[in-house]
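One structure is given below, encoded as structure tokens.
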Amino acid sequence: MDVWPAVASGVLAAAVAFGELLNRHPDANVTWFFKVLSPWFYVAVNGAAGAFAFWFMDSLGWTSFESVPGPAVPLVQVLLAGFGGLALLRTSLFGVRVEDRTINIGIAGLLQPLMDAASRRLDQRRGVERNRLVESVMRGVDYQRVKHELPNQCFRMVPTVSALDQLAVRQHIQTTDRTPSLSDHARSLYLGFVLLDLVGAEVLRDAVRSLQASGASDA
């Protein structure tokens, strides 16, 4: 068996699995993947499936295609093995509904826990990064002075925020204001998290910077 097509099949399957994780976590920073191991294990399992699929095809003599021009045969082999391995891992005989989850019975039932573990670790890393970001952006911000102006500034910068989302932010402010156990620092962080989800980090950071330049947000 030629080793390189098997390696290419594994790399293809691993790349698709990596893209699957990125699609599931569109705001993930690629550097997060170098800080946690679970996503790499998920990627490695998918890559191994692609390489195994090529070995299996080669063992049964399924790597010869008479209707395919000679130079294109290796590409066809790699594509079939790579995507075939991915399809094999996602095969399930049937699904069982348990509360709000569907449990796959079959090989897919073994893959799903790996995906869940990888996603959970990425979500944890995302939480750490989000907390650091909001802490940094909202540091020194006087909540009582910006609780209305900061959202308005963000909405002016991103006019596509729906009226319903804007109303939800204002209701959030009213709710936190009615919670006496919260400090203004905690309220400013909560407001930062809400706005971060709506407008993103760059807009939030620039909006705070604009208010600080005008003297409207200093403690």
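Per the working numbering, residue 1 is the first one in the sequence shown, and the count goes up by one each step. Just so you know, even glycine gets a beta-carbon here, dropped at the ideal spot from N, CA and C.
Residue i - containing alpha helix (DSSP H), residue span
{"i": "Phe155", "result": "149-157"}
{"i": "His172", "result": "163-177"}
{"i": "Phe193", "result": "184-199"}
{"i": "His5", "result": "With the sequence shown as reference, residue 5 is identified as Pro, and His is not the correct amino acid for it. Where Pro5 is concerned, the enclosing alpha helix (DSSP H) stretches over 3-24."}
Burial state of residue i (16 or more Cβ within 10 Å)
{"i": "Lys147", "result": "buried"}
{"i": "Gln153", "result": "buried"}
{"i": "Gly82", "result": "buried"}
{"i": "Ala87", "result": "exposed"}
{"i": "Pro110", "result": "Pro is not the amino acid found at residue 110; the sequence shown has Leu there. Exposed, because fewer than 16 other Cβ atoms sit within 10 Å of the Cβ of Leu110."}
{"i": "Ala219", "result": "In this prediction, Ala219 scores a pLDDT of 46, lower than 50, which makes its location untrustworthy; the coordinate-derived value is nonetheless stated afterwards. Exposed is the call here."}
{"i": "Gly61", "result": "exposed"}
{"i": "Gln174", "result": "exposed"}
{"i": "Pro180", "result": "exposed"}
{"i": "Ser38", "result": "buried"}
{"i": "Gln77", "result": "buried"}
Spatially closest choice to residue i from the options, by CA coordinates
{"i": "Gly192", "options": "Val134, Arg209, Ser38, Ala213", "result": "Val134"}
{"i": "Ala213", "options": "Leu196, Asn29, Leu150", "result": "Leu150"}
{"i": "Arg139", "options": "His172, Leu114, Ala15, Arg205", "result": "Arg205"}
{"i": "Ala44", "options": "Asn23, Gln124, Phe18", "result": "Phe18"}
{"i": "Val128", "options": "Lys35, Leu12, Ala15", "result": "Lys35"}
{"i": "Met157", "options": "Arg121, Asp177, Glu202, Asn131", "result": "Glu202"}
Using a Cβ distance threshold of 8 angstroms, determine whether the segment 180-199 contacts the segment 130-145, with at least three qualifying pairs required. yes
Across the segment 3-18 and the segment 52-60, are there enough close Cβ pairs to call them in contact, namely three or more that are closer than 8 angstroms? yes
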